[in-house]
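Working notes, structure below.
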Amino acid sequence: MSIKRILTITALAIVGVIALIAIFTSWYTVDESEQAVVITFGKAEEPILESGLHFKLPWPMQKVEILSKETFSLQFGYKQSADGEIVSYDNETKMITGDENIVLTDLVVQWKITDPGKYLFNAEAPQEILHDATSASIRSIIGSSLIDEALTSGKADIEAQTRDLLATLIEKYDIGISILGVKLQDVELPNAEVRSAFTAVTDARETKNTKTNEAEKYKNQRESEAIGEVSAINSRAEGQRTARIQQATGEVAVFEKLYAEYRNNQEITRQRLVIETLESVLPNAQIYIMNDSGETVKYLPLQQPAPVPPVTTEKEGGS
């Protein structure tokens, strides 16, 4: 075989290889859960978000990086294997609270890639940056919180503050990541004795709150009853006041009429008043009016005797 023939075959083989490379690297597919970024001579183009078949210049002029659009989870302080086994990293989660107590804090950060170009080129290891920013954020928030807040009712506030601080840091780093949420998994004390002591304190505090609530409820109940009694007393007093006023008004009216009669017939009215007073003082006595001479007793009984019932007789015999 001549040298010319060998060169020709070699050239054809090289062209064939180049053609195959050009054919197989000139198209790519994007799934619905994926996003792609086309890199032209090392420069990232706008991300491709539409799913389906796409074309580009063959390698090495252009290449494609495929990234997921799904939500990722960063497990901070522990690692869960595929078989469900959880491995804790206490050195990573050990933190000091604002009142100088030590707690172990595990959390999960939900994040996603929102700018593939920045994610690929603005940082060499964006997930490591996210991990370090998470550590800085949670330590800062725990360091300004009291241990009671971290272990009991303040977890929601700690989560919100950590999410806001972490989102601010990631936005400042500009690595193409967005923070969706932060969820505390466990916030606990470092050893069993301390946990037991704190549990006893927490139980005592809950008992105190329960007793305080019961006392407040009893106080409100007694105050309501007292207010009701005061209202009833006031109502009765107002009724008695109205009755007394009406009674006094009636007595005044009677007195005024009596006084008018007295002015017209003083002697007769005086005698009448004396007789009515005697009838009131001696209700069962028989009262008579006598003349002043003492000779012939003339009297007038003021009280009429009770009528005598008629006596009936039965007829004897029959028709």
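The sequence shown runs 1 to 319 under the UniProt record's numbering. C-beta: ideal position from N, C-alpha, C; glycine also.
Judged by their CB atoms, Q62 and K56 are nearer to each other than the 8 Å cut-off. Taking a cut-off of 8 Å on C-beta distances, the region 96-109 does not touch the region 40-55, as fewer than three cross pairs fall below it.
For D106, the secondary structure class from DSSP, reduced to helix, strand or coil, is strand. When DSSP reads this structure, V30 sits in a beta bridge with G52. By the neighbour-count criterion, in which a residue is buried when 16 or more other Cβ atoms sit within 10 angstroms of its Cβ, F255 is exposed.
F76 is classed as buried because its beta carbon has at least 16 other beta carbons within 10 Å across all chains shown. With 16 or more other CB atoms across the displayed protein chains lying within 10 angstroms of its CB, Y119 is buried. Residue range 116-121 is occupied by the alpha helix (DSSP H) that includes Y119. In this chain, I129 is not harboured by any beta strand (DSSP E); it is covered by the alpha helix (DSSP H) spanning 126-143. Excluding five sequence positions before and after I147, the CB atoms of its chain that fall closer than 7 Å to its own CB belong to T97, D99, N101, V103, given in chain order. C-alpha of S140 to C-alpha of Q110: approximately 19 Å in a straight line.
For Y262, the secondary structure class from DSSP, reduced to helix, strand or coil, is helix.
Distance between Y173 and S144, taken at the CA atoms: about 24 Å. Less than 8 Å divides the Cβ of L130 from the Cβ of L74.
For the options I9, V37, K79, R272, the alpha carbon positioned closest to that of D115 is the one of V37. K69: not part of any alpha helix (DSSP H); DSSP gives it neither H nor E. One alpha carbon belongs to I179, the other to E128, and they sit about 15 Å apart.
Between I66 and E32 the beta-carbon gap is near 12 Å, outside 8 Å, which marks them as no contact. Ranked by Cα distance from I113, the first of I21, Q80, I175, A136 is I175.
When rounded, the separation of the alpha-carbon atoms in I39 and S135 is 33 Å.
In this chain, the alpha helix (DSSP H) harbouring I147 covers 147-151. In this model, Q247 and A237 are separated by some 15 Å (Cα to Cα). Between the alpha carbons of Y89 and Y78 lies a gap of roughly 6 Å.
DSSP links L184 through a beta bridge to L107.
Note that the C-beta distance between I170 and A133 is below 8 Å. In the displayed model, T97 falls within coil according to three-state DSSP, outside both helix and strand.
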